[in-house]
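Numbering (the working numbering), first residue to last: 42 to 190. We put the beta carbon where it would ideally sit given N, CA and C, even for glycine. Small disclaimer: the values here were computed from a predicted structure and weren't measured.
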């Protein structure tokens, strides 16, 4: 098995072909990791969520880490780790273009809304909060791959 670094082009290719990853955020020194669905464009990962712990924590501490992987034949794999900053795209004047851009990227893929919209227990109608779009500004990214020798 040979482990190699991925170059920027290889990292971007993996991000462009991937739809799911794991997002880590932290509050008061406590990490929290959840799966997310995303779309990569430019220097951003765009995503969608319902309000909850992940969003609450990212609002308090916008520094996040995202890990994306892909498994190949045998023991082969690729992995990318991104350090970035959470930016909410609220449903307000001034964010309309960015929200529409996020929606246009995410909606290209079937069932893009399900991971962000489904809750284990449906709350009463009076407490349902609106969904939100957000993006992660990529500050740093690294990647590796394992190749069977």
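Coil, strand or helix - residue i by DSSP
| i | result |
| --- | --- |
| residue 58 | helix |
| residue 134 | coil |
| residue 148 | coil |
| residue 141 | helix |
| residue 45 | strand |
| residue 176 | strand |
| residue 91 | coil |
| residue 100 | helix |
| residue 121 | strand |
| residue 161 | Low confidence applies here, because residue 161 scores a pLDDT of 43, under 50, leaving its location unreliable; read the following figure in that light. Coil, per DSSP. |
Whole-angstrom C-beta distance between residue j and residue i, which should lie under 8 Å
| i | j | result |
| --- | --- | --- |
| residue 64 | residue 121 | Rounded, the Cβ-Cβ distance is 13 Å, inconsistent with contact. |
| residue 90 | residue 147 | With 8 Å as the limit, residue 90 and residue 147 do not qualify as a contact, their Cβ atoms being about 11 Å apart. |
| residue 67 | residue 117 | Incorrect: roughly 31 Å between the Cβ atoms, too far for contact. |
| residue 93 | residue 79 | Wrong, their Cβ atoms sit about 17 Å apart, outside the cutoff. |
Residue i and residue j closer than 8 Å at C-beta
| i | j | result |
| --- | --- | --- |
| residue 185 | residue 44 | yes |
| residue 176 | residue 130 | yes |
| residue 135 | residue 178 | no |
| residue 115 | residue 189 | yes |
| residue 119 | residue 128 | no |
| residue 88 | residue 77 | yes |
Beta carbon proximity, residue i to chain D, threshold 8 Å
| i | result |
| --- | --- |
| residue 76 | Of the protein chains in this structure there is only one, and it is not chain D. |
- Message: So within the region 63 to 88, which uninterrupted beta strand (DSSP E) runs reach at least 3 residues, ignoring any that extend past its ends?
- Response: 71 to 78 and 80 to 82
- Query: Three or more C-beta pairs closer than 8 Å, one from the region 93 to 113 and one from the region 64 to 75: is that the case here?
  - Reply: yes
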